[in-house]
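Following: one structure in structure tokens, then a few remarks.
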Amino acid sequence: MCLDGVEIFTNGSGSYHQLRKGHTLVDLIKSCTMKCGGIYMYSNLRGCDGERTYYYGGSTIALNGDIIVRGEEFSLEDVEVVVTTVDLEDVRAYRAHVSSTSQQASRAKPFPRIQVDFSLSSVINDIPSMCPIKPKMYSVEEEIAMGPACWLWDYLRRSGQAGFFIALSGGIDSSSTACVVASMCRIVCKAVSDGNEQVLSDVRKVTHDPTYTPQDPRELANKILVTCYMGTKNSSVETYNRAKNLADQIGSHHFAVTIDQSVQASVEVFTRATDKAPAFKVHGGSPRENLALQNIQARTRMVLSYLFAQLTMWSADRPGGLLVLGTSNVDECLRGYLTKYDCSSADLNPIGSISKTDLRRFIVYAIKEFGITALEGILEAPPTAELEPLTDGKISQTDEDDMGMTYDELSIYGRMRKIAHCGPFSMFTKLVHDWSDKFTPSEVADKVKHFFRSYSINRHKMTTLTPSYHAESYSPDDNRFDLRQFLYNVKWTWQFRCIDEEVKRMEAERASSTTEQVKATATEQNSETEAEKMGQASSLAEVNQDKSPVDDKMISNISMETAQTPLEVVVSISNGESDLDKVSTGPSNGTTHVEKASPSGDIDRNSPKARGKGKSKIGSNRSPQKRSRPHEEAQHGKRQKREKSENQNGNNSNGTHSYERESPLRKFGMWLREKMTP
């Protein structure tokens, strides 16, 4: 269409919000007109449509790859009109300077045209065109603070209820839910102060007070938010104080109750019927007993939450009821680390598809931006369900220990399962490389197996999951975004067998590689040892040279021969008192042996290799006495002829002395002669 001269493109979109999606959206809008030029008008929905998604607005106009104007995101305004002025000549000039585009346009097939009797252009250039802007891009923390907050407000004002109820436990999840409601109160108060009459009307409708005008977010929270700490004998004083301090700083109407009587009553009903009393694991109970006693506490909290939601406003002589808010995050849902029909069962869940890692970042943001200092202690505390008995008054149960994996690992599993479409084996083959610096292949295999086993066992819980604000693409909500069966073969027989076979292969390769490295290291060490011995022999010769000056007359004879048998070089000194040693090279391994000469300079005549004073010979493994005299004379004659030929020819064809072409042993002898010459 660009090639046929179309200059303005419109897009009426319905794009819902996801964390980190804004950057992608802006890049797509800019790229639409960056290649061929043009004006792009993007209009998006805003608000809640009665579903899990929230349409966050952000209508945009772009020109030639630049953003000219962009509407508000996460606003409580129902309607927003975005207007700007652009010059069509900018589009034509942008396209004209690209020669390849012009050539393609000349061959393009034209689209049908409809002639109209009006023009969008102004005859007189009396209105200035707008300049490009840098659009506001929100961080993940800001998106969590605004997206779910606007979604909750839109749902509340349309539902006809009087507010929200949260079972506040003093942990990160329930505290994050409370902070989202606090952020909603701040957004509502700002909209009212900006003169938004629709929002003011909705506030008065929710509070059932036709004269109320919200000015303080804490005051508004006290009217529409009720929190309750439901403790048991397994709860700690620390979580009680954290919940109380957070409620005070947010401004919610707070209760603190003990539910031990309700829990014990339920257990007694079972005991009377079966004549058996379950016990916690620390008291000698089995894992089934331990889990059942934890679940009855969690489910009792859900029952009491709905009781408080229905009757709190009645007790205050106010009309209406409350919407119960859930507090489970996307990682716990994926792992199944929640009790079916506990506090995860609610009317709405603003954090149900947000990871624990992002929630921690949101808590840090709330501390800085909202000034809620009570969150500092909550952020530092280890996540715990507090469903098992305390040990010496201290928490003995943590979420990550119970799950057998960390929240960071859960986020990785979730993205690889949903976004990368990985099954057990595919996930293992990726993580075994990504985690090679932390875990062995067998450890990675155990982690992947444990995740998929837990996921498949608990998948049925997703069928009753509370409707959650959609914020992550790897959400396990099976209503729309993750339509999968809820009955799996939890043994994953074929997949796990493939993982085991791959682990065996990798460990075998690693063992083989380790063996080769050990051999290579040993060989290298032997080479270094031999080099050190050669260096010691050379150093000893230099030391002896320093002790007793030697001249040409002192060297009676230096003879060298090359042979396949072990070689030796014998240097004897007829004059002087040098302690020059006998240096010989061993068999083919190149080992150097040093034998001490006598103080007179003679080689020890008791040696089986010595044949006479002042003489040096090169022989084989056989005893020198066995070599015949004719053989020695023949060898001596050959050596004289070779030396005579070398003296006549001088340097070789390469310009180097002829002895450089000889064996390494001959080179060593020439080097030794030079060293001994003063």
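For the sequence shown, the numbering used here begins at 1 and goes up steadily by one.
Note that CB positions come from ideal geometry on N, CA and C, so glycine has one too.
Being a predicted model, the structure only gives us computed values, none of them experimental.
Helix, strand or coil at I412 according to DSSP, with G and I counted as helix
helix
Any chance you could list the alpha helix (DSSP H) runs of at least 4 consecutive residues sitting entirely within the stretch 121-205, in chain order?
140-159 and 172-193
Terminal residues of the alpha helix (DSSP H) in which V82 lies
Note, V82: premise wrong, no alpha helix (DSSP H); not H, not E.
DSSP three-state assignment for I259, whether helix, strand or coil:
coil
Around the Cβ of N526, are there at least 16 other Cβ atoms within 10 angstroms (buried) or fewer (exposed)?
Under this definition N526 is an exposed residue.
Identify every residue that forms a DSSP beta bridge with H460.
Answer is none; H460 lacks a bridge partner.
Does the beta-carbon of C2 have 16 or more other beta-carbons within 10 angstroms, so that it is buried, or is it exposed?
buried
Do you know how far the Cα of A522 is from the Cα of N651?
For N651, the predicted model reports a pLDDT of 45, less than 50, meaning its position is unreliable and no value from the coordinates is stated.
Identify every residue that forms a DSSP beta bridge with V237.
Note: V237 is not bridge-paired with any residue in the DSSP secondary-structure output.
Taking just the CA atoms, how far does L334 sit from R75?
For the sequence presented, residue 75 should be read as Ser rather than Arg. Answer to the nearest angstrom: the Cα atoms are 31 angstroms apart.
Assuming the contact rule is C-beta atoms closer than 8 angstroms, E73 and Y56 should be a hit. Round their C-beta distance to whole Å, please.
5 angstroms
CA-to-CA distance, A108 to C36, given in whole angstroms:
About 14 angstroms.
Check the C-beta distance from L307 over to L246 and give it rounded, since I have them as a contact under 8 angstroms.
No, L307 and L246 are not in contact; Cβ-Cβ is about 22 angstroms, not under 8 angstroms.
Whole-angstrom distance between T529 and S556, CA atom to CA atom:
Any answer about S556 is weak, because its pLDDT of 41 lies below 50 and its placement is not dependable; what the coordinates show is given next. Their backbone Cα atoms lie some 33 angstroms apart in a straight line.
So, are the CB atoms of S175 and I367 less than 8 angstroms apart?
For S175 and I367, no; Cβs fall outside 8 angstroms.
By Cβ distance, which residues of its chain are closer than 6 angstroms to L45, with the 5 residues on each side in sequence left out?
G14 and Y55
Return the CA-CA distance between A149 and Y365, expressed in angstroms with no decimal places.
15 angstroms
In whole angstroms, give me the CA-to-CA distance for C422 and L465.
23 angstroms
Leaving out five residues before and five after T213 in sequence, what residues of the same chain have Cβ atoms less than 7 angstroms from its Cβ?
V192 and L200
Within 10 Å of its beta-carbon, does P476 have 16 or more other beta-carbons around it, so buried, or fewer, so exposed?
buried
In chain order, what residues of the same chain lie with their CB nearer than 8 angstroms to the CB of G336, ignoring the 5 residues before and after it?
Here the set comprises S454, Y455, I457, N458, R459 and K461.
I'd like to know whether the C-beta atoms of Q215 and C179 end up nearer to each other than 8 angstroms.
no
Helix, strand or coil: which one does DSSP assign to V226?
strand
From this set, T463, A471 and P217, which residue's C-alpha is nearest R484's C-alpha?
If we check each option's Cα against that of R484, T463 comes out closest.
Touching or not, the stretch 442-449 and the stretch 419-434, by the rule of three or more beta carbon pairs under 8 angstroms?
Result yes; three or more Cβ-Cβ pairs closer than 8 angstroms.
What do you reckon, are the CB atoms on I166 and L325 nearer than 8 angstroms?
yes
Secondary structure of F452, DSSP reduced to three states
helix
Going by alpha carbons, who is nearest to R157 out of M184, K134, R288 and M302?
It is M184 whose Cα lies nearest to the Cα of R157.
Which residue from D90, D173, Y40 and G50 puts its Cα closest to that of V69?
Y40
For S436, name the three-state secondary structure that DSSP assigns.
Looking at S436 - three-state DSSP - the assignment turns out to be coil, as it is neither helix nor strand.
DSSP has S43 in a bridge; who is on the other side?
G12
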